[in-house]
Amino acid sequence: MKKRWTIRKHDAAAINLLAAELGVKPLIAALLISRGHHTPEKARTFLNPSPEHLHEPFLMHGMREAVDRIKLAVENKEKILIWGDLDVDGTTGTVLLRKTFSLLGLETSYHITNRFTENRGINFAPLEAARADGYTLLVSVDTGTSNFEEVSKAKAIGMDTIICDHHEIKDDTILPPAVALINPFHPDSKYPDDNLAGVGVAFKLAHALLREFDLESEIPGLLKIAAIGTVADVVNLTGENRAIVALGLIDLVKTDNWGLKALMEVADCRSDMTSMHIGFRIGPRINAAGRMEVGTHVVELLEASDFGEARKIAALLDSRNRERQKVQQEVTDLAILEAVNFPDACFMVVAGEGWHKGVVGLAASRVAEKFYRPTIVFSLEDCIATGSARSIKGFDLFEALGSVSDLLESFGGHVMAAGMKAKHENIEALRARLHEYADAKIPNDERTPELLIDAVVTTETLSIGLVNELAAFEPFGAGNPKPIFVTRDLTLRDEPFVMKEKHLKLKLYDVNGKVFEAVWWDGVAKSKGQTLAPNSRIELAYVAEANTWQGNTRLQLVVEDLRADN
């Protein structure tokens, strides 16, 4: 799909002033200003993440009540059940709290939601069994805010609940009768940052507890787990999340956690770790556990007591991830075939019998990307549709689903992603009403994807040195993407080289003969409609990266889009 190029406008005077005050090049100053760091103080804070950027945990609504209840559990030697959601956010948060409670001398067990046999959120039957086994306190991670009935039942049988969650709260939600509901979206919350992942909320509880018990020296070790869950949950890497991830990535390859070592080995992460390694190598393997089987494997991996055991579990997760990739491609292909039947839809709703529930969210991402429409992909089974939704820039998915809540059995999530259940017979009505809603909300000029370009860069500026300077902006991710540049007046030297029948490698040169190598992932499909012939003049939009091969590091331009003179 053709993209709208939007090139940021810059204030030259402001750029030069900030560049002089910081001692950086104007391009770096321009990037800082465009990302909201327009004063020297803000820029230095952004460029130097530190423990001081972690907010006071007791600013979080419910934190004091939660800490006091856990202190009581320590005094009374109570047993705690941790309930974690099935994705990487919930599983890493479960590991983090298990480690914290162990440091306090508490006995814990855990339960990870099973995608295939349980409802998302807290289920009562395992609580009842745990209570019979002597557990008197439940702590949830990345779930629980909408579980009024289950928390009420737990209370009735003598089990208190502390909820750590980060999902948005619907206006009509009746909050559960928990001892503490720690959620940045709580109506009474005054916490300065509502972008925390579920594992981030769990980390804040751990931070508060460890300080109360004079164990703050243990916090850096927990940051590694919190960083992985935060990146993989695709929350904005700004504010406190930036600090959590930047601090957690420090010396990650030197971790003494056998599970992390084994996971990095199987994912071929052997150099200094970045957020990209977590997002594209570590995170998918952890998430594959809950998508394809059970998330408990993640807890077992990260709590493994020796490297041999850890390697076996890491190999299992790697195998599940390869299986996930295959199934995801199959469901995505079917979903796209279904979506083609609705060419005029402003909100894409597709469904298929028996589509794997573990990959419908990933398929929704692909459909949303291909058609540039907010998308729900449903798996149909026994008259119930289990769906996952993904949005596009500027469209509030959570609000949209609220407008059709009468057609849904349940839903929850965020602005950009959500999950839901519906009766099979309501899908047609959902499709019609969500189309009407999106048609009214999405302006016509925003129905093609926007490519936001950070700056026009000349070939004189373009070098491996620039890539090294951009490393100061790490960790990259949602809310802090790698900068996209555009360079004009390039010429294609040869026919593009096709890699694995889908990607393109391009050799380009400027007016002075300086040669650049570019790679266009999925370029065969994305370049349709353009003739990339030798000597074509090219305007290239790209991310500048370092490509290391056999010990040699050189500049590589990763193509986002291009315009040829044909």
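If you're matching positions, the sequence shown starts at 1 in the numbering used here and goes up one per residue.
C-beta atoms are modelled at their ideal positions from N, C-alpha and C, and glycine is treated no differently.
Could you tell me which residues DSSP pairs with residue i in its beta bridges?
| i | result |
| --- | --- |
| C164 | V141, I182 |
| A363 | Bridge partners of A363: none, in fact. |
| I82 | Y110, V139 |
| S388 | V377, G419 |
| Y542 | F485, V559 |
| I7 | I453 |
| T274 | According to DSSP, T274 bridges with nothing at all. |
| A351 | F378 |
| T548 | T553 |
| R537 | T491 |
| H503 | M499 |
| L508 | L492, F516 |
For the alpha helix (DSSP H) containing residue i, list its first residue and its last residue.
| i | result |
| --- | --- |
| R242 | 239-249 |
| G93 | 88-103 |
| R291 | 283-292 |
| A220 | The question names Ala, but residue 220 is Pro in the sequence shown. Taken as a continuous stretch (DSSP letters only), the alpha helix (DSSP H) holding P220 covers 219-232. |
| G477 | Counting along the chain, G477 falls outside any alpha helix (DSSP H), and DSSP gives it neither H nor E. |
| I427 | 427-441 |
| P581 | The requested residue 581 does not occur in the structure, where the chain is confined to residues 1 to 566. |
| E265 | 258-266 |
| V74 | 63-76 |
| I464 | 464-470 |
| P126 | 124-132 |
| K155 | 148-156 |
| E616 | Since the first residue of the chain shown is 1 and the last is 566, residue 616 is not available in this structure. |
| S50 | Per DSSP, S50 belongs to no alpha helix (DSSP H) and is neither H nor E. |
| F203 | 198-212 |
| S34 | 26-34 |
For residue i, count neighbouring Cβ atoms within 10 angstroms of its own Cβ and tell me buried if that reaches 16, exposed if not.
| i | result |
| --- | --- |
| T531 | exposed |
| T39 | exposed |
| S140 | buried |
| I228 | buried |
| P578 | What the structure shows of the chain is the stretch from 1 to 566, and residue 578 is not part of that stretch, so it cannot be assessed. |
| F411 | buried |
| L59 | exposed |
| C164 | buried |
| D561 | buried |
| I15 | buried |
| S275 | buried |
| L337 | exposed |
| N147 | buried |
| N512 | exposed |
| N468 | exposed |
| D454 | buried |
| G308 | exposed |
| F497 | exposed |
| E501 | exposed |
| P184 | buried |
| P374 | buried |
| T553 | exposed |
| W549 | exposed |
| R64 | exposed |
| M1 | exposed |
| T94 | buried |
| V515 | exposed |
| W521 | exposed |
| A314 | buried |
Rounded to whole angstroms, how far is the Cβ of residue i from the Cβ of residue j, which I believe are closer than 8 angstroms?
| i | j | result |
| --- | --- | --- |
| I112 | T230 | Wrong, their Cβ atoms sit about 18 angstroms apart, outside the cutoff. |
| D89 | D142 | 5 angstroms |
| L504 | S527 | 7 angstroms |
| F395 | G387 | Not confirmed; about 17 angstroms, so no contact. |
| G290 | L86 | 3 angstroms |
| R285 | N321 | 5 angstroms |
| G279 | A232 | 7 angstroms |
| M159 | L138 | 6 angstroms |
| R69 | I162 | 6 angstroms |
| A178 | V151 | 6 angstroms |
| V359 | Q328 | 4 angstroms |
| V331 | A288 | So it is not a contact: roughly 15 angstroms between Cβ atoms. |
Residue i lies in the beta strand (DSSP E); which residues open and close that run?
| i | result |
| --- | --- |
| M416 | Looking at the DSSP string, M416 is not in any beta strand (DSSP E), and its letter there is neither H nor E. |
| T571 | This structure gives no information on residue 571, because the portion of the chain shown stretches from 1 to 566. |
| D489 | 485-492 |
| W520 | 515-520 |
| M499 | 497-499 |
Taking 7 angstroms as the cut-off, does the CB of residue i come closer than this to any heavy atom belonging to the ligand ZN?
| i | result |
| --- | --- |
| I250 | Absent from the structure shown: the ligand ZN. Ligands present: none. |
Handout entry: In chain order, each alpha helix (DSSP H) run of at least 4 residues that lies wholly inside the segment 291-345
Key = Runs found: 296-302, 307-339.
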